[in-house]
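Here's the structure, in structure tokens; my notes come after.
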Amino acid sequence: MSNWPFNADVPRNQWSEIEADGFPDPVPGCVYDGHRLDGGIPLGGLGTGYFTLEGSGLIGHCSIFNDIVPPRADFSEWLRVKIAGRESLPLSTAVIAYWGHHPVADMVCRFEAKGLELGIRAFAPLILGNSADSNIPAALFEIEIRNSRAESVDLELIVEPPQPPSGSTHDVALAGEDISVAQEDGKLVGRIARTIEANGSCRVRFVFAWHSPHWRDSGRETHVNQYGMRYGNAAAAAADALNRFDALLEAVLSWQQAIYRTELPNWLRDGLVQSLYSLSKNTVWIARTRKDEWWDDIGWFTHNESHTGCPITETMVCRMHGHMPALFFYPDLERTTLEAFKHFQISDGEIPFSYGMDTSMRDPRYHCQHPLNSGQYAQMIYRLYLRTGDQDLLTHFYDSAKRAIRYQFSLDDDDDGLINDQAHVPPGELWPANQFYDIWPWWGTSAYVAGTWLATLSCGLAMASEINDSDFADECADWLERGKAAYQDKLWNGEYYRLWHDPANISGEGPDCDVSLGNQLMTQWCAKITGLADILPADQVQSALGAVKRLNMGATEHGLVNGVNPDGTRYVSKPDPDRFPDILPNNDHSTQVFVGENLCAAMNFIYHDQRETGLDIARRIYEAVALTSRTPWKQHCLIDADTGLPVWGEDYYSNMVIWALPMAYYNQNIAEFARSELIREVTSA
133 MSNWPFNADV PRNQWSEIEA DGFPDPVPGC VYDGHRLDGG IPLGGLGTGY
183 FTLEGSGLIG HCSIFNDIVP PRADFSEWLR VKIAGRESLP LSTAVIAYWG
233 HHPVADMVCR FEAKGLELGI RAFAPLILGN SADSNIPAAL FEIEIRNSRA
283 ESVDLELIVE PPQPPSGSTH DVALAGEDIS VAQEDGKLVG RIARTIEANG
333 SCRVRFVFAW HSPHWRDSGR ETHVNQYGMR YGNAAAAAAD ALNRFDALLE
383 AVLSWQQAIY RTELPNWLRD GLVQSLYSLS KNTVWIARTR KDEWWDDIGW
433 FTHNESHTGC PITETMVCRM HGHMPALFFY PDLERTTLEA FKHFQISDGE
483 IPFSYGMDTS MRDPRYHCQH PLNSGQYAQM IYRLYLRTGD QDLLTHFYDS
533 AKRAIRYQFS LDDDDDGLIN DQAHVPPGEL WPANQFYDIW PWWGTSAYVA
583 GTWLATLSCG LAMASEINDS DFADECADWL ERGKAAYQDK LWNGEYYRLW
633 HDPANISGEG PDCDVSLGNQ LMTQWCAKIT GLADILPADQ VQSALGAVKR
683 LNMGATEHGL VNGVNPDGTR YVSKPDPDRF PDILPNNDHS TQVFVGENLC
733 AAMNFIYHDQ RETGLDIARR IYEAVALTSR TPWKQHCLID ADTGLPVWGE
783 DYYSNMVIWA LPMAYYNQNI AEFARSELIR EVTSA
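For the record, in the sequence shown the residue sitting at position 181 is 313 according to our numbering, with numbers rising by one throughout.
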């Protein structure tokens, strides 16, 4: 292929069919004008750290030396082309066509005035279904140098990868074909010399590896990265990656091809591939190195809410959406994450909101968003059981899940079978609202929190039945029936489920808030993906979906507005932004669009026989991310309802819920999707 690694002669910044090396047929994607791209592919695997290869040609952010929160901002040149020993051309001076298909960054870089072009393929070995080979601390590069001149030219590629801090013990290595490696002015530098014939080309390969196993989290506790148990130094990691270059690349392209050849919409196929970048940016995987550590030899795997946007280790309400890739592709690691929540469960059964702030792993936080956390944990235990079919696993977690559900009984303030909202906001303030929309307080009984609780009871009943615990099954069934009756009585307004019912009128807005929440049917989504019976009456679900389409979808071109009044205007939870200087003026959780939440809402349309509407909602959301903002590897959780541009929450965990969309598309639940041809092919690379 003359335009290796892909044919760059396609329109920029829009959906295209891309001819690329390693794929037998054109694949859907977007080729970006590199210098207009906001954020590049993060080159890194599971818990290895990463560095971004920016569209500008620079190295961007870097966490490979355990600069995790925040990641180090390098924005430095990493590749120069030296012509005939004289003129040096930094890569950033080229015209760059950039196509990313995570974890692969493909670039066509043209030095037009010089008659030279570079084709670059850089990738990290993120291999779905293979956690060990996804834990190699290395980035692999192949570069094709093309000379369009009428005469030969002597060139030297000068490679300057991310450098460790001066005086540190961090280890780095370069290895490759005919690469000369040396320390130059205290920096690791690689040089590759070639003579390129007139109108000719040549290829070179090399690997950059790092080895920074020891670090302290933000709670000052020491850890060892899991890859430190597999490699003694950076040279060993580089040698392994270089030796298996072709096999690792083939494995990556194989799982991508399994996605690309499906019948799913083009934008969704792209979205599934790109969403996995969060695994490279936001994960930590620590080893078991001492006998007094409670986790087992596989280590302990965590995914942060966002190392760059809102660093909290394993925020429960975000993993409720975003754990789908770990669930389907790395269930062995998903188990370690849930095991940690089990470990941190306290005597009354409460499961923590997270393991800790920033990168802390053993500083669990309680009584924050507690009306959701414990029940969501129980639901995720059931999801893992459905994914694996492992009865021993369910037995192991069952008592913990049971105690978590019983803890939530204590949050029913009026004995109606429903969890009540527990906003802990001081008068006149917005945080903590203690549910996912955490700067938008709700009162009394809300459709979202109470609905999630009903789904928890349904999962509890299913788990109890599997374990033959008839007493707890009866307990859950009783709570579920009482709760469903109260839910109808308090929240159904004749057309849809109102946001909240609060006879005490704590908000001052009246006992009923008839705002239409875009994701008011979260209980149905939870039921559908687990294959359990519908929670709500079918006719009311259809009516509510009609209201969401009319009100929430009608209020934006970018998916669904989170909260809309009955008259179609957007509800404003923060009428006077000047009163809240610590919150961005447009960061209003009611007037804007939550990506993860409203992807769930889109799936409810699909599951309930309104496929085209659901796909249209999801497409609008993803196109705001990928095309309008040009941030497929820097996705935000909240986007502007007017413009589709980012509002808040960079690199968000929740957005990986897009991996549940194919499940809805095929009308499957977790157990069925886990056995589907797509998952089998993706995980057999």
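Cβ atoms here follow ideal geometry from the backbone N, Cα and C, with glycine treated the same way.
Problem set entry | Sufficient close CB pairs (3 or more, under 8 Å) joining the region 772-786 to the region 403-417 | yes
Exercise. Does the region 325-337 come within contact of the region 349-357, defined as at least 3 CB pairs closer than 8 Å?
Worked result: no
Exercise. Pick from A305, G431 and A373: whose alpha carbon is nearest that of M361?
Worked result: G431
For this session: Measuring alpha carbon to alpha carbon, tell me which of R751, C769 and R807 ends up nearest P397.
Result: R751
For this session: Measure from the alpha carbon of D99 to the alpha carbon of each residue in L258, D666, A325 and I275, then state which is nearest.
Result: There is no way to answer for residue 99, as the model of the chain reaches only from 133 to 817.
Exercise. If you drop the 5 nearest sequence neighbours on each side, which residues of the same chain put their C-beta closer than 6 Å to that of Q800?
Worked result: none
For this session: Put G322 into one of helix, strand or coil per three-state DSSP.
Result: strand
For this session: Consult DSSP for W387 and reduce its assignment to one of helix, strand or coil.
Result: helix
For this session: Give, in chain order, every unbroken run of the beta strand (DSSP E) that is at least 3 residues long and sits entirely within the region 332-367.
Result: 333-343, 346-348 and 354-356
Exercise. How should L716 be labelled, buried or exposed, when 16 other C-beta atoms within 10 angstroms of its C-beta is the threshold for buried?
Worked result: exposed
Exercise. For R278, which of helix, strand or coil comes out of DSSP?
Worked result: strand
For this session: For G177, count neighbouring C-beta atoms within 10 Å of its own C-beta (all shown protein chains included) and say buried if the count is 16 or more, exposed if not.
Result: buried
Exercise. Using a Cβ-Cβ cut-off of 7 Å (strictly less than) and excluding sequence neighbours within five positions of I328, which residues of its own chain qualify?
Worked result: I277, N279, S284, V285, L287 and C334
Exercise. Hey, out of Q567, P503, A533 and C500, whose CA is closest to Y509's CA?
Worked result: A533
For this session: Could you tell me which of W563, I483 and R497 sits nearest to Y108, measuring between CA atoms?
Result: Because the chain in this structure spans residues 133 to 817, residue 108 falls outside the shown range and cannot be described.
Problem set entry | Whole-angstrom distance between D153 and M133, CA atom to CA atom | Confidence in M133 is poor, its pLDDT being 45 and thus under 50, which makes the residue's placement unreliable; the coordinate value appears in the next sentence. Cα-Cα distance, rounded: 7 Å.
Problem set entry | Buried or exposed (CB count within 10 angstroms, at least 16 for buried), D157 | exposed
Problem set entry | Cβ-Cβ distance between I790 and G403 below 7 Å | yes
Exercise. Among all the DSSP beta bridges, which residues are the ones paired with I150?
Worked result: Per the DSSP secondary-structure output, I150 pairs in a beta bridge with V159.
Problem set entry | Contacting residues, own chain, Cβ-Cβ under 8 Å from L103 (five flanking each side not counted) | Residue 103 lies beyond the range of the chain shown here (133 to 817); nothing can be said about it.
Exercise. Going by alpha carbons, who is nearest to M456 out of F805, S816 and E809?
Worked result: Minimum Cα-Cα distance from M456 among the listed residues F805, S816 and E809 corresponds to F805.
Exercise. Would a C-beta distance cut-off of 7 Å place A383 and I513 closer than the cut-off?
Worked result: no
For this session: Please report the residue range of the alpha helix (DSSP H) in which L516 lies.
Result: L516 -> alpha helix (DSSP H) spans H502 to T520.
Exercise. In chain order, what residues of the same chain lie with their CB nearer than 6 Å to the CB of M239, ignoring the 5 residues before and after it?
Worked result: I228, Y230 and I252
Exercise. Looking at the structure shown, is Q315 part of a helix, part of a strand, or coil, going by DSSP?
Worked result: strand
For this session: With a cut-off of 8 Å on the beta carbons, I'd call G454 and M735 a contact; round off their distance for me.
Result: For a cut-off of 8 Å, the C-beta gap from G454 to M735 is around 14 Å, too long to register as a contact.
Exercise. Where does Y164 fall in DSSP's three states?
Worked result: strand
Problem set entry | Closest Cα partner of P137 within the set Q146, V163 and P143 | Looking at the Cα atoms, V163 is the closest of the given residues.
For this session: Classify A670 as buried or exposed, calling it buried when 16 or more other Cβ atoms lie within 10 Å of its own Cβ.
Result: exposed
Exercise. Alpha carbon to alpha carbon, what distance is there between F461 and L408?
Worked result: 11 Å
For this session: Measure the C-alpha to C-alpha separation of A419 and I661 and round it to an integer number of angstroms.
Result: 32 Å
Exercise. Do S486 and T445 have their CB atoms nearer than 7 Å?
Worked result: yes
For this session: Have a look at T723 and A565 and give me their C-alpha separation to the nearest angstrom.
Result: 16 Å
Problem set entry | For A229, the three-state DSSP class (helix, strand or coil) | strand
Exercise. DSSP three-state call for T775: helix, strand or coil?
Worked result: coil
Exercise. Hey, quick one: how far does the alpha helix (DSSP H) through W585 stretch, first residue to last?
Worked result: A579 to I599
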